[in-house]
Amino acid sequence: MNSLQSYLLLSSLLFSIGLAGALTRRNAILVLIGIELMLNAANLNFIAFWRYGPAPEVLTGIMFTIFSISIAAAEAAVGLSIILAAYRHSRTTDLDQMNSLKG
Amino acid sequence: MVGEGILKGLAETARNFFGSYVSKDRLTTVQYPEQREPQIEATRDFPFLVYDGADWQQGMRCVACQICEKECPPKCIFIEKSKDKKPDAFGKMQIYPATFNIDISVCMSCQICVEVCPFDAIKMDVEYHQSSDDRFGALLLNKQRLSKSNEYYNAIHPTEASAVDAQRAEELAKLEAKAKAAAEVKAAAEAKAAADANPALNASPQQPAGDPQ
Amino acid sequence: MTHLALMTQHLDQIFVLTSHWLLSYLPIALQPLCSAILSVAAIIIAFATLFALTTLLERKGLGRMQNRYGPNRVGPCGLFQPLADGVKSLTKEDIVPIRADRAVHFMAPVLLVAASFMGYAVLPIGRNMVMVDMNAGVLFFFAIGSLMELAVFMAGWSSRSKYSLLGAMRAIAQMISYEVPLVLASVVVLMQAGSLSTVAIVNMQATYSGIWPHWFVFTPWGFAGFALFMIAATAESNRSPFDLPEGESEIIAGYYTEYSGFKFALFFLGEYIGMFATSGMAITLFLGGWSAPFSFLTWIPSYFWFFAKLLTIISVFIWIRGTLPRLRMDQLMNLAWQFMLPMTLLNLLTTGIWHFMLPGFLRWIVCSTMVIVPCILLGSGLKYKKKFQIRTYHFSQ
Amino acid sequence: MTTSFMILAVLTVAGTAAAMGLRNAVHCVLALALGFAGIAMLYLQLGAQFVGFTQILVYVGAVAILAVFAIMMTHNDKSMALPDSHSAWVAGCIVAVAVFAVLARAIVSSSASAQTQPPQPAATVQQIGNALMHRFVMPLEIMGLLLTAALIGAVVIAMDRREEMK
Amino acid sequence: MSTATLAAASLNLEPANESGMDQLLEIAMGPQHPSTHGVFRMNVVLDGERVVRLKPVFGYLHRNHEKIAENETYLGSMPYTDRLDYMCPLTNNWAYALAVEKLAGIQVPERAEYLRVITGELTRLQNHTCLIGFLMQDMGASGTPLMYAFRQREIILDLFEALTGARMMCNYMRFGGCRVDLPAGWLDQAKKVVAGFPRFLDEYESLLVSNEILMDRTQDVGVLSKELAISAGISGPMARASGVDYDIRKVDHYSIYDRFAFRVPLGSHGDVYDRFMIRLLEMRESVNILQQAMRDIPEGPIVDPKTKIRGFRPKPGEAYGRIEGPKGELGFYLVSDGSPNPYRYRVRPPSLINLTILEDLCLGRNVADIVVILGSIDIVMGEVDR
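Protein chains in written order, with the numbering used here: chain A, 1 to 103; chain B, 1 to 213; chain C, 1 to 397; chain D, 1 to 166; chain E, 1 to 386.
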């Protein structure tokens, strides 16, 4: 049987991949995606802890994940629209070039 | 009410759907190779040459006058005159086409050649199965392939052909009458000549009815 | 009499029994796997055959509507036409544009077909004939449906053709917009059935009072929900009059312009399979799934009813396709957001009221009014806003 | 660890790693969709059916498509041809690896994480619904509000200013 | 630089960072495109799906018609005119015959005039039904209206074949009359067809006219203002849909149109729906004319006996003959120098002139609207390119 450990390791690996992406990519959209990935890793943690936790019938982990998914969806929508707005202004999605605060 | 027009349209297509099983008007498709539409008499596609009698070379009406060649808008007719002469349906010695080619890949079936022909020699065919994989050979019709009998002409365009036949018969009759008169004159002349014991030149027959133009 | 009852019952369960019989020869350990393979194979064969039949039916039906015969040359009544089409598409050259993204270009049709077939896992085709009775079956269905958008995008983007891209963009915008009313229209059933399991939903409808079944479509909210669901389903499956993504007179063939041969056929297959799946879901949710329309017809096998209903819906699709011209993009969006969305939300409210009102005549009147009046108002409001009308013309002199 | 877990883990990691590593942004998003689907299947494996399907519906069906749309809309020559080497590329990777090392060390050393799977808990949709409507009704309402706000906010931010001026 | 930026640069459009996130996409609709009505190309610059610029490109079907005619006898170009607007050969014949008759001062016998009116109006019927079918096809109606149109057109084409010998390339009119007289039973057949036509129109109308989708797709789409229609020289149903009261049958009083009571429908909006409706109404008027003509047709000769088929040489001079073709004003301008060939031969094709305003109608509209607008203009490339 799978142990909780394996899920946690996988989730931390996903978190690191997301982090690496968020830190290294220059395209704002991909950075946002990296952040989404980190959120997903956290969600996987919640579900794993719910599953292996002492009181799965309370569904706390599932609830947490559901809310987190909804927030992530909202975040993605707002984040991407901000990127679009920024793109319209500066004609680029390259974060290194979006270096001016002038609006 | 929104949707009314859409429902009306749906009713219309449904009527056509069921109507196609009932009414012949609504299913006009002709299942081509098995069924054919009845031949419409006036139909035309490509020209052919009419001949009288049994032998196409002997009875060819065309006298290689080259009017059609000149008048053909896309210039798809090629005629070469013969060196010698042969008697036509009226018995007159005429030249005939040594070559008569129609390139039906160029022909546009306008039937101007038919209209201008003074000898009723070229008519429009109804044979539309002309497809071939030989682009140059099969679509260049030569004299032999162009020749069709007067009976065939009568079969495909009965009204038009009978009018032509009647006219030709009339001309022939006129001609015969003339020939008879000439023969009588000649006989009389011969008699006279016999009486006069003077050799007479052989009179040539009269010009047949001539150009209708 | 009991003998007859047993026989009809056996006929009803013939596929289930056959499958059990076949599996009984296998070792216990292999049985679940083989059972799954058997069901998948059965579904693929059944619906691929239905696809073949539908293409023929569509062409013949459209033909008849247009006063033609339709295909009637290959085999008796053109019955082998789909076969000939299949052979043709298999033997055709597979052309990939030189600048296309080959991997994505290849994966798009595969993903589309796979995704469209996956939806059948939760569709109860007959009594006890469902692959997986999932607890969240309806959710699964819609989740899988959203995969198709990705496939469409992959096809349109990877072709590197302007028409493909335009088509893909249209398709995605359309599918996302109509997914909202599609899901919201089906939520009313979930509210009433109290379950996301397709089997539970069908079982709930397969009861009778007198001879009448308890199909959800025979309630005001159910009928409105069904109508809205079908409109959204038409748009989801890119059928006429919502076939903008492949509107051939505008953008050639939309996102699959650059596909040929068998991949093109796969798109065709995926689209039809998706249409059957959505129609099957409509049947499951509103038309009582495999249940017979009258209680005295229950002796006819359940799967027969499912396919009969499916074919009826397909025929309506064909009928509509033969009649209506295509909408324009902005009109399509307006319909989704200005008509479908408010109506589905209102329908949710109506369902709630229906749920809490006592059964009786009053409930019917209130709920019907709640559905019909806004529909008419919204419809004429839109018509008024657009200012389109049947015009009268004058003549000179 | 079962084979199915291994397969899913490899699929997910491959998908997400490709999503973060590929050059073409559209490829990234497609790979990401694969990664999201893998995570969803992990949820299913853990017995959280509802969450798994929601994951597919939201992430594959909506977020990935949204990202793709954003990429198409911001598609121009400048942003597509990003050089793959970056001044902070190495640093970023080192940070990520360090984070993973710390986390992994913590997980491996923790005694709590070593426990094996207890019997399958029931998490039917009905239970989730009941929980949402009773214990979690307040968060649910707030979530609804948040989503509405996000919807309006996204529309307002993304709206073309030129259209506004007209 | 991508094609889009190139296009933007070459067209001198607003600079990229002002146009926001929208990028311009240049697509070539045609010459191989399902709805360009032949080999026609529109180079469309799109902003999203909105048309920023549209450039019609034609000439793919150019075959030197006018120069060929100048090297052909007068009669020899008659079959070529069939091929101008191949949907309506008989009106082309008629316009050309009219021009030559004006040039040579030939009188047309009464019966021939009636024959010309009958065939001309039948041509109008079949052209308009087909046009509406094609328009619906462009709108995506899976061919149903088109098939109904073709079913009806087929009946009319059968009449043409029985009379002229060909379904489309009729080559029927001659200078000073027509080529052949009506065959036996033709008139009864035609009367039956014309009597059945209103029923078909009713069917067509119930399928289309009140359809909400159609109204939504066509109303206020491609609006052609009256002023633009007049200044661009638009003619035919297109001008009348914009409210220009201009029907050459009424203006020129050519042939014997004065003898028939018919009305000219006029539109008020000038949009696609008006163009479509005007054509439907015109068909009803054509049915009217046909019924009157078939009732009144006198006996008599069908061709002026004085005109020769061969050796036709009109006196030096020039003439312009025009008729109200189904698509608009179809005119032929001829200059004779006394030889058997025209010195100058020029066609005024309604399709080409009506096509000139395509860009004005399409700017700011959708891709989906372009094809509908193009369809409503009613072009035949044989006539546009000549």
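Even for Gly, the Cβ is constructed at its ideal location relative to N, Cα and C.
Partners in chain C for residue i, counting only beta-carbon separations shorter than 9 Å
i: D:Val68; result: Leu150, Phe153, Trp157 and Ile172
Those residues which DSSP pairs with residue i across a bridge
i: B:Lys85; result: B:Ile95
i: C:Pro421; result: A query on residue 421 of chain C cannot be resolved here, the shown segment of chain C reaching from 1 to 397 and no further.
i: C:Ile252; result: According to DSSP, C:Ile252 bridges with nothing at all.
i: E:Arg344; result: E:Val335
i: E:Cys178; result: E:Met173
i: E:Val51; result: E:Leu46
i: D:Ala96; result: Answer is none; D:Ala96 lacks a bridge partner.
N-terminal and C-terminal residue of the beta strand (DSSP E) that residue i is part of
i: E:Ser336; result: Gly328 to Ser336
i: E:Ala319; result: Gly317 to Gly325
i: B:Leu49; result: Pro47 to Tyr51
i: D:Met6; result: Element bounds for D:Met6: not the beta strand (DSSP E) but the alpha helix (DSSP H), Thr3 to Gly21.
i: B:Met124; result: Ile122 to Met124
i: E:Leu25; result: Leu24 to Met29
i: E:Phe200; result: It is not in any beta strand (DSSP E) - E:Phe200 instead sits in the alpha helix (DSSP H) that spans Trp186 to Leu208.
Spatially closest choice to residue i from the options, by CA coordinates
i: E:Glu285; options: E:Leu115, E:Val194 and E:Gln152; result: E:Val194
i: B:Cys65; options: B:Asn154, B:Ala161 and B:Asp120; result: B:Asp120
i: E:Arg313; options: E:Lys55, E:Leu334, E:Ile323 and E:Lys327; result: E:Leu334
i: E:Asp304; options: E:Leu75, E:Glu101, E:Arg346 and E:Phe260; result: E:Glu101
i: E:Ser339; options: E:Tyr74, E:Leu187, E:Ile248 and E:Gly382; result: E:Tyr74
i: E:Asp369; options: E:Gly38, E:Leu24, E:Val264 and E:Leu46; result: E:Leu46
i: D:Ala18; options: D:Ala31, D:Ala25, D:Asn24 and D:Ile7; result: D:Ala31
i: B:Phe90; options: B:Ala194, B:Ala177 and B:Glu115; result: B:Ala177
i: C:Lys92; options: C:Gly247, C:Ala42 and C:Tyr259; result: C:Tyr259
i: E:Gly364; options: E:Arg259, E:Val223 and E:Ile379; result: E:Val223
Span of the alpha helix (DSSP H), counted from its first residue to its last, around residue i
i: D:Asn130; result: Val125 to Met133
i: C:Ala155; result: Gly137 to Ser158
i: C:Lys92; result: Taken as a continuous stretch (DSSP letters only), C:Lys92 belongs to no alpha helix (DSSP H), as it is neither H nor E.
i: A:Glu36; result: Ala28 to Tyr52
i: E:Phe312; result: It is not in any alpha helix (DSSP H) - E:Phe312 carries neither H nor E in the DSSP assignment.
i: D:His27; result: Ala25 to Gln45
i: C:Ser279; result: Gly261 to Phe286
i: B:Lys24; result: B:Lys24 -> no alpha helix (DSSP H), and no H or E assigned at all.
i: A:His89; result: Thr60 to Ser90
i: B:Lys143; result: Lys143 to Leu146
Closer than 7 Å at the beta carbon, the chain A residues around residue i
i: D:Met73; result: Leu84
i: D:Phe136; result: Met63
Chain-ordered chain E contacts of residue i [CB-CB under 7 Å]
i: B:Cys107; result: Going along chain E, no residue has its Cβ under 7 Å from B:Cys107, so there is no contact; the nearest lies around 10 Å.
Proximal chain C residues relative to residue i, where beta-carbon distance stays under 7 Å
i: D:Phe50; result: Ala136 and Leu139
i: D:Val60; result: Ser146, Leu147 and Leu150
i: E:Ser142; result: Leu62, Ser240, Arg321 and Gly322
Chain-ordered chain E contacts of residue i [CB-CB under 8 Å]
i: B:Gln111; result: Gly165 and Asn171
Within chain E, partners of residue i - CB distance below 9 Å
i: C:Tyr393; result: Pro265, Leu266, Gly267, Ser268, Asp274, Met277, Ile278 and Leu281
Partner residues on chain C for residue i, Cβ-Cβ distance less than 8 Å
i: B:Thr28; result: Asn67
Residue i CB to nearest heavy atom of the ligand FAD below 7 Å
i: D:Thr3; result: Because no ligand of any kind appears in the structure shown, any question about the ligand FAD cannot be addressed here.
Cross-chain neighbours of residue i in chain A, by beta carbon under 9 Å
i: D:Ile157; result: Val78, Ser81, Ile82, Leu84 and Ala85
Chain-ordered chain D contacts of residue i [CB-CB under 9 Å]
i: C:Val104; result: Val26, His27 and Leu30
**Study point:** Secondary structure, beta strand (DSSP E): runs of 3+ residues fully inside the stretch 218–304 of chain E
**Key:** Taking only runs of at least 3 residues, the beta strand (DSSP E) segments lying wholly in the stretch 218–304 of chain E are 264–266.
Review point. Curious, which full-length alpha helix (DSSP H) runs of at least 4 residues does the stretch 69–155 of chain E contain?
Key: The alpha helix (DSSP H) runs lying completely inside the stretch 69–155 of chain E and spanning 4 residues or more are 78–82, 89–104 and 110–138, given in chain order.
**Study point:** alpha helix (DSSP H) segments (min. 4 residues) lying fully within the stretch 311–363 of chain C
**Key:** Runs of the alpha helix (DSSP H) inside the stretch 311–363 of chain C: 329–334 and 341–356.
Review point. What residue ranges within the stretch 24–91 of chain C form continuous alpha helix (DSSP H) runs of no fewer than 4 residues, ordered along the chain?
Key: 31–65 and 81–91
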